[in-house]
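A short write-up of the structure that comes next.
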Amino acid sequence: MTVASSVKQCLASLKGAEASLSSLTSRTQDDESRRTLHEAMMEVNEIVTDLKKRIGELEREEPQYKGF
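Here the sequence shown is numbered in numbering that gives the first Met the number 0, starting from 0 and rising by one per residue.
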């Protein structure tokens with residue numbers, strides 16, 4: 000497995016975690032729990048954004064990784 004495909008697999012996993020946190024946030028009744036889940040979701044979202052930028056850099060540096 001190439002570095003680019005590993006990074007993209009990680010991105011997909013993080014997006015899944017982000018979606019799960021979002022779902023839990025909307026179903027949770029307790030305000031403190033909802034706030035904690037939302038904060039975690041926002042942290043994961045920042046990581047996803049950074050990872051997308053890194054994937055773009057990888058694809059520019061190594062064109063053979065584009066689209067994997």
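A virtual CB, placed ideally from N, CA and C, is assigned to each residue, including glycine.
Bear in mind that the values here come from a model prediction, so they are computed numbers and not experimental data.
- In terms of Cβ geometry, I46 and L13 form a close pair [threshold 8 Å].
- Excluding residues up to 5 positions away in sequence, E17 lie with their Cβ nearer than 8 Å to the Cβ of N44 in the same chain.
- Closest in alpha carbon position to K7, among E60, I54, E61, E31, is I54.
- A straight-line Cα-Cα distance of about 43 Å links E60 and T27.
- In terms of CA proximity to L20, H37 leads the group T1, H37, P62.
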